[in-house]
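Trainee:
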Amino acid sequence: MQNPIMTGYDPQRLHEALLRVRRTISEACERAGRAPGEVRLVAVSKTHPVEAIAILYELGVRDFGESYVQELVDKVGRLPNDIRWHFIGGLQSNKARFLGNEISLLHSVDRTSLIEALQRRSEQPMDILLQVNVAAEATKGGTSPDQLVALYDCARSQSKLTVRGLMTMAPYCDDPESSRGHFRVLRALLDELRTHAGEGVASALSELSMGMSDDFAVAIEEGATLVRVGTALFGDRQSD
Ligand SMILES: *Cc1c(COP(=O)(O)O)cnc(C)c1O
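Residue numbers (this note's numbering): 1028 to 1267.
1) Check whether the Cβ of Asp-1241 lies closer than 7 Å to any heavy atom of ligand 1, and answer yes or no.
2) Any heavy atom of ligand 3 closer than 7 Å to the beta-carbon of Ser-1094?
3) Indicate the three-state DSSP secondary structure (helix, strand or coil) for Arg-1138 in the structure shown.
4) Does DSSP put Thr-1258 in a helix, in a strand, or in coil?
5) Tell me where the alpha helix (DSSP H) around Ser-1053 begins and ends.
6) For Gln-1151, which residues from the same chain have a beta carbon less than 8 Å from its beta carbon, with the 5 sequence-adjacent residues on both sides left out?
7) Closer than 7 Å: is that where the CB of Lys-1122 sits relative to any heavy atom of ligand 1?
8) Please classify Gln-1158 as buried or exposed, where buried requires at least 16 other C-beta atoms within 10 Å of its C-beta.
9) So, using beta-carbon positions, are Ala-1215 and Met-1237 closer together than 8 Å?
10) Using the Cβ count rule (16 or more neighbours within 10 Å means buried), how would you classify Arg-1191?
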């Protein structure tokens, strides 16, 4: 059994971190003239133990993000079943079938082969986001902006999948302002996709998953509906 204080998962510290993050969210909403209810906090719990997740759950957090299939599956069985799990990591097509029953939103769909695998292998209907590599970084997943419409059309034609919006990761940088342009591009891409999708379908395309610990306030100012925050809540990850 790990000592929660030794490992940094002191309930008091987590509570304070959550209050700080929530305050930053509401201040950013205020600056942007948005209602705080428009932004959902996804607590990114990858590499952190179920004990730490349980503390945030007790404090009212219901959305948690994970990046590794086996870790997700292990955690789901040990925590309350009203948690909404978000899968945010790169996904191999051969793992697709494990996710359908477990998760509420898959943020990282970035290629047609994965879409086809999800349609073929998942047992349940799934809500997905298309991940876009706005900055064209070689080390990151995501489709290029010019392939996005084709990827969307592929996903839309699958009976088990519903596209809810877009996700991106801005390049790592010390200055959160450097993310702003990338978030703006993602928002413009969502607007274009809604026009392409046409009336009736466009309203389902409402989510923008963007912003992490260092830049989620900027992301909210630029229209994020889901922010994925790990380090600012749980502290540093031991391994990744
Ligand atoms: C790990 C991860 C996060 C959380 O990053 P922090 O900087 O710890 O907030 C968010 N999004 C994705 C896709 C991640 O892999």
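Glycine is no exception: its CB is placed at the ideal position from the N, C-alpha and C atoms. As the structure is a prediction and not an experimental result, all values here were calculated from the model.
Mentor: Based on what the coordinates show:
1) yes
2) Ligand 3 is not part of the structure shown, which contains ligand 1 as its ligands.
3) coil
4) helix
5) 1038-1059
6) Gly-1127, Asn-1128 and Lys-1187
7) no
8) buried
9) no
10) buried
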